[in-house]
Amino acid sequence: MNKEVKLEDIVSLAKRRGFIYQGSEVYGGLSGTWDYGPLGVALKRNIMNLWWQMFVEDRDDMYGVDAAILMNQKVWQASGHVDTFTDPLVFCKKCHSRHRADKLENPNKCPVCGEEGSFTDPVQFNMMFETVVGPAGFGGFNSIELENGETYTKPQAEETNIAALIFDKNDRSYLRPETAQGIFTNYKNVVDSFYPDLPFGIAQQGKAFRNEISPRDFVFRSREFEQMEVEYFVHPEKWEEAFEQWRKDIEVFLDKLGLPRESVEEVEVPENDRAHYSKRTIDYEFAFPHGKDELLGLAYRTDFDLANIQRASGKTMEYHVKGSDETFVPHVIEPSFGVERALMAVLTSAYREDEQNGEKRIYLALPEHLAPVKYAVSPLLKNKPELVEKAREVYQMLKKKYGTVMWDDNGNIGKRYRRQDEIGTPHCVVIDFKTLENNTVTVRDRDTTEQKRVEIGSLDSEPST
Ligand code: ATP
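This is the structure we're talking about:
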């Protein structure tokens, strides 16, 4: 891996080449939000599809779900999120900036104004985005003119609390801060529909929202992001073997992402730092450009979540072992992946700079199965109709096979190669006058820059990795 990768290199490449833009950029942005451009969405999908294929489709013990983002508020009360999903917030008494106390480089010095000893005591800030479901209350006004011209006046509320006027407590909901609860709340449904043997897992991918106090480090800490989570249900006495198996499976997945082994470290979370219900947690830390930080987590959550749901809903979450009298609430192993952090790790691992013919070159050595574009096809000269026509033919043929093929006839060949290198396209195919004579094309390899002449027919038969 290129050890020198800087965050600015990744951010600037991502923007320049259409991977990731600042959210709402045209209006000055919205902090902690990011928009994926054409290549970013392709890369993100490739990562998510790889995960789904490996952890759901290729296995017999996994079930996929796609739960609603808005959930009954009782979910977040029972899970503990309403009371404890908080980060410590401090204010600087001098410049009034706000900071997450446990992430300050120097807990005594404001990073904005430089003042020392200016922080207030912390307050626990809940990170869930609260919202209202349905046409609750009266939207803050007291009377409303109806379509027939009559005025409907709201009965005077006794409370003066604005929140109480605007919405009823039962209409309150939250944008989910994790996908996990959408899995736990469907555990019973999946058991009733499929009655799987233990151990089995339920997997979900999707958006999660956290009102982070200080979003930072590009997409690493965003307010809106995607997770890929599995809740793996096991017999309470068999959690250790399942946990070990997940460590192996995670390693295989990280290899497939192209992350060098030495850039990932398993960090055992000590008991006093673990969530109170967790008996074991490993944080997988990756050497990001901003430093070593959490890429994903693997946790043994005991029966904490299902037991909470059982208590709060009054419905049994017990699993009945087929052909026996044994019943119990299963225990859970949870591997929890963040898509943005995986994508940043992939970009960091793939980013390379070298020199070609005395010029600096930037390229992304992405694993072929993750590359947003697999082949770029160019006619050597774009003003020669016979070359363009032949190149179109080759383009169509490859597009049919690989889908993600790009037509590129802008600028000279050298420029096209540079552009494709920067987006990580493994192969560039050029159609020249020799092609018209003998049906061969040049194929240039991204990493070695070597060019080979091959038959057009053999392009189509190359294995897609
Ligand atoms: P951190 O300590 O960095 O805030 P966390 O321990 O709170 O993270 P979890 O609640 O374990 O994170 O979430 C599981 C995964 O979701 C994380 O490993 C990470 O990949 C991803 N994730 C969590 N918060 C964010 C965020 N704000 N932006 C992007 N990804 C996130």
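Under numbering that gives the first Met the number 0, the first residue of the sequence shown carries the number 0, and numbering increases by one thereafter.
Note that CB positions come from ideal geometry on N, CA and C, so glycine has one too.
Contact annotation, Trp75 with Tyr186: C-beta distance approximately 17 Å; criterion of less than 8 Å not satisfied. Under a 10 Å Cβ-count criterion, Ala179 is classified as buried, with 16 or more other Cβ atoms of the shown protein chains found around its own Cβ.
Inter-residue distance for Lys108 and Asp120 is about 14 Å (C-alpha atoms, whole angstroms). Judged by the Cβ position, Phe285 fails to qualify as a neighbour of the ligand ATP at the 7 Å threshold, every heavy atom of the ligand being at least this far. For Lys5, the closest alpha carbon among the candidates Ile430, Thr347, Ser457 and Asp446 is that of Thr347. Taking one beta carbon from each stretch, the segment 191 to 201 and the segment 302 to 310 have fewer than 3 pairs nearer than 8 Å; the two do not touch.
Excluding its 5 nearest sequence neighbours in each direction, Ala274 has no C-beta neighbour in its own chain below 7 Å. At least one heavy atom of the ligand ATP sits closer than 7 Å to the Cβ of Leu295. Fully enclosed alpha helix (DSSP H) runs of no fewer than 4 residues occupy 412 to 422 and 432 to 437 of the segment 406 to 439, in order along the chain. Here Cys427 is buried. Its C-beta has 16 or more other C-beta atoms within 10 Å.
Here Leu197 is near Pro329, since their CB atoms are less than 8 Å apart. Taking every protein chain shown into account, the CB of Thr150 has fewer than 16 other CB atoms within 10 angstroms, so this residue is exposed. Residue range Trp238 to Lys255 is occupied by the alpha helix (DSSP H) that includes Asp254. Residues of the same chain with a CB within less than 6 Å of the CB of Val55, apart from the 5 flanking positions on each side, are Met61, Gly63 and Ala202 in chain order. Cβ-Cβ distances below 6 Å link Trp238 to Tyr299 and His330 in the same chain, with the five nearest sequence neighbours on each side left out; the list follows chain order. The alpha-carbon separation between Trp33 and Val10 amounts to approximately 11 Å.
The shortest C-alpha to C-alpha distance from Gly31 to any of Leu363, Glu284, Pro288 and Glu211 is the one to Glu211.
A heavy atom of the ligand ATP is found nearer than 7 Å to the CB of Phe224. For the pair Glu367 and Arg360, the CB atoms are not nearer than the 8 Å cut-off. Asp170 carries a helical assignment under DSSP once its states are collapsed to helix, strand and coil. Three or more beta-carbon pairs separated by less than 8 Å are not found between the segment 333 to 343 and the segment 371 to 381, which leaves the two stretches without contact.
Boundaries for Ile68: no beta strand (DSSP E) harbours it, and the DSSP string shows neither H nor E there.
In the displayed model, Phe287 falls within a strand according to three-state DSSP. Closest in alpha carbon position to Arg16, among Gly313, Gly290, Ser23 and Leu42, is Leu42. In the DSSP assignment, Thr150 falls within the beta strand (DSSP E) that extends over Thr150 to Thr152.
Beta bridge pairing from DSSP links Cys112 with no other residue. As the crow flies, the alpha-carbon of Glu228 is around 6 Å from that of Gln204.
Excluding five sequence positions before and after Lys93, the CB atoms of its chain that fall closer than 6 Å to its own CB belong to Cys112, Glu114 and Ser117, given in chain order. If one requires a minimum length of 4 residues, the alpha helix (DSSP H) runs lying completely within the segment 373 to 409 are 384 to 401, in chain order.
Here Arg97 is actually not in contact with Pro87; their C-beta atoms are around 11 Å apart, not less than 8 Å. Closest option to Leu379, judged by alpha-carbon separation, among Glu449, Met316 and Gly410: Gly410. Within the same chain, Val263 come within 7 Å of Leu253 by CB-CB distance, once the 5 residues on both sides are set aside. With a 10 Å radius around the Cβ and a threshold of 16 neighbouring Cβ atoms, Lys206 comes out exposed. Ser23 and Thr83 have their C-alpha atoms spaced approximately 31 Å apart. Rounded to whole angstroms, the separation of the alpha carbons of Met343 and Gly257 is 12 Å. DSSP places Pro334 in the strand class (E or B) of the three-state scheme.
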